[in-house]
Amino acid sequence: MGRFWQSVIPSQQLSYPSLRGLVQRTSVVALLLLLAHSGITPGIAATPTEPDEFPPNPLELTTPDPLLPNPPRPLNAQEQQQLAIACDALNLEAQAKLQAGDRIGAFDLWNRELRLRRFLGLVPEIQALGRVGDIAWKETDTAQVRWITKRLDAILNQILPPPAPSTVTPTPTPTPTPTNPGKIPVTPSPQPPASGTTPNQSSSPQPPTMGNAQSAAIRSNSSPSSSAPVNSAQIRTNQSGSIRVNSSSSSNAPSGAVQSSSSQPSRSQAITVQSGSVQPNLAQAGTTATPTNQPPATTIPNRNIPVTSPTPTSSTTTPPLLNLDPATKIRVLEALGIAYQQVRLPQVAVRIYEQILADARQRRDEAKIESTLITLGQLHLSWFSYDPAATAFRELLDRSRARGDRPYEILYLNQLAYIHEQAKQPEAAIAYQQQLIALYQTVMQDPKPIPALQIRIGDNYYSMGRLDLAEQSYQAAYQLAQPLLQLAHASDSLQKLAALYLANNRLDAALRVYDFLIGVEQQAYNTYGVMAAYDKIGQIYISRKEYPQAILAFRRGLDLARQLKYREDYFTGQIQQAAQQGKAGQ
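Each residue of the sequence shown is one higher than the last, beginning at 2 in our numbering.
As structure tokens, then:
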């Protein structure tokens, strides 16, 4: 080695420091070459890959499935039967995974099933979409509910035309005259609606929280102040189209909160996004193009808020309607109506059933008209839309009376009375209940349902503040229930009557009613009811400072309490307290 260096470098320059520097420089070059070949950049740490915040819609994947022919072709009857069996097996496997706690794996299987169901026709696919959507809603899987809703919207837009465009022209806001010359006039900002309301909000009572799934965190690119959260039950039934918004994975949105992508009114408040062909060909199902750095668009039902129509593009073009025969179209619409109820979008379901009703009226199909009216009435009632529910059942009542169908007339009268009670409209409820009493007395000649009706009438009069009429109704209920041996109704009417007397400080009348109540409860072998009546009597005597009578009532209550082994200490304490108060008053 020494001879080599002597042959390259003169001996007088081969000092130890120079040799060490040369070795160091050679080591640095070798290290840099090694790093270059390994692909590692000095001083920069590798960043992990972040998960996709907006995953693709699994219902729009075009990956070939081994259960389908390749290349794609229409399936024959035998292949469709085999595919249906395979889809049923996927459903069962998904249910097992969900029960085992593998929620992601379960919905992966269900999404595959839903993609395959497209090859079996519209009705089987819609039924599967509704079934899985119901599960997703119960599991509060907002993304899955959104994907299924988007697919349902795509099918609906090819069955029914969009709602008619609105012809209302917004009134421009006038610009005030500037008070100071040379300064720019300021346009006043629009005032917010009254507390507890939103624009175009219905005055009907609010529905239930629909859960985390219904309160999907779907927000647009506009600022949060551009629109207010709207509850799904506040949507008018004639605006059940869909709007295009941008979805996000945030879970902080309030229940039912939806924000539009802009603030101007849309052409028809129903801007649809085609999610792919309804034809059973997965290769035709494409995703809607979205701008760069923007979350993917989704389609949700119109929630009765103003929407801005984007610049018309191919993604917002209304798809052509499918050419279906009338019977098939009705079957598809009925399946869609059920599916939209399963994903908790009643306003869209109402639009569908109204179309079915219009078709039935055109064909004069009386049975279909009645069944659809019942469905509409129950749908409105389940989401607390009492006025349209009452409208549907009033028509049903008129139809039953026209054909002389007494059982259905009674059924619809009861339903209308219940609707108006729930809507806090006691006067209207009383009118229907009185019609029922007249029907039972004259036509049906059956007095048995009357005591319960009289109690409900008394309750409605009480809520109206008509205590005199409430008293008469409770007395009538007791007088009729006692000979009919309807001891429960007799007890209920007496308890309500005694409470009414106590509220009006009519203590003597209340004592007489409780005496009657003790007899009724003894006749019904209701020891607890007798004990409670003695307690009420003792409290009345205490309020009148008649302590010996109060002690007597409490002792009788204590005897019954010992039989029941219940509230013994309470009655003992009441007796002691009444005795002490009696001594203090002497």
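Each residue gets a CB set at the ideal place from its N, CA and C atoms; glycine is no exception. All figures in this text were calculated on a predicted structure; none of them were measured in a lab.
Check residue i in the structure and name its three-state DSSP category.
i, result
"Trp-138", "helix"
"Leu-161", "coil"
"Gln-566", "Checking the sequence shown, residue 566 turns out to be Lys, not Gln. Three-state result, Lys-566: coil."
"Gly-574", "helix"
"Glu-355", "helix"
"Trp-384", "coil"
"Glu-61", "helix"
"Leu-76", "coil"
"Pro-327", "helix"
"Ala-554", "helix"
"Arg-507", "coil"
"Pro-347", "helix"
"Pro-427", "helix"
"Glu-367", "helix"
"Ala-580", "helix"
"Asp-66", "coil"
"Leu-486", "coil"
"Arg-152", "helix"
"Ala-525", "coil"
"Glu-547", "coil"
"Pro-389", "helix"
"Arg-404", "coil"
"Leu-518", "helix"
"Leu-322", "coil"
"Ser-315", "Residue confidence is low: Ser-315 scores 38 on pLDDT, short of 50, so the model does not pin down where it sits. Its coordinate-derived value is still stated next. If DSSP states are grouped into helix, strand and coil, Ser-315 belongs with the helices."
Nearest by alpha-carbon distance to residue i: which of the options is it?
i, options, result
"Gln-356", "Gln-446, Glu-410, Leu-93, Leu-161", "Leu-161"
"Asp-509", "Glu-126, Asp-493, Ile-541, Gly-586", "Ile-541"
"Gln-436", "Arg-402, Ile-370, Leu-468, Ser-464", "Arg-402"
"Pro-389", "Asp-536, Leu-398, Leu-377", "Leu-377"
"Asp-493", "Pro-327, Ile-156, Arg-507, Asn-527", "Asn-527"
"Tyr-529", "Arg-563, Ile-576, Lys-497", "Arg-563"
"Leu-121", "Pro-484, Ala-533, Gln-82", "Gln-82"
"Ile-588", "Gln-379, Leu-323, Leu-440, Ala-359", "Shown here, the chain extends from 2 to 587; a query on residue 588 therefore has no answer."
"Val-514", "Gln-342, Ile-538, Ala-525", "Ile-538"
"Phe-385", "Gln-550, His-421, Asp-399, Tyr-413", "His-421"
"Glu-472", "Leu-553, Arg-113, His-490, Lys-497", "Lys-497"
"Gly-466", "Leu-488, Leu-485, Ala-504, Ala-499", "Ala-504"
"Gly-574", "Thr-64, Arg-556, Cys-88", "Arg-556"
"Ala-85", "Ala-101, Gln-128, Pro-56, Ala-478", "Gln-128"
"Asn-461", "Ala-424, Glu-547, Ala-554", "Ala-424"
"Ile-331", "Gln-342, Arg-364, Leu-346", "Arg-364"
"Leu-91", "Arg-104, Leu-110, Arg-74, Arg-116", "Leu-110"
"Arg-457", "Ser-383, Leu-468, Gln-434", "Gln-434"
"Leu-325", "His-490, Ile-156, Tyr-354", "Ile-156"
"Phe-394", "Tyr-502, Glu-410, Asp-406, Gly-405", "Glu-410"
"Arg-345", "Ile-136, Val-531, Ala-432, Asp-360", "Ile-136"
"Leu-99", "Leu-123, Ala-87, Lys-139", "Lys-139"
"Pro-56", "Gln-145, Asp-66, Pro-448", "Gln-145"
"Gln-476", "Ala-499, Leu-440, Tyr-354", "Ala-499"
"Tyr-354", "Val-444, Glu-367, Thr-143, Ala-336", "Ala-336"
"Leu-565", "Ala-580, Ala-585, Leu-488, Val-531", "Val-531"
"Glu-114", "Leu-60, Gln-348, Ile-438", "Leu-60"
What is the residue span of the alpha helix (DSSP H) that residue i lies within?
i, result
"Gly-459", "451 to 465"
"Val-444", "Careful: Val-444 lies outside any alpha helix (DSSP H) and carries neither H nor E."
"Gly-539", "528 to 544"
"Asn-415", "407 to 423"
"Gln-473", "468 to 482"
Output the residue ranges of the alpha helix (DSSP H) runs that lie fully inside the region 86 to 135 and measure 4 residues or longer, sorted by chain position. 104 to 118
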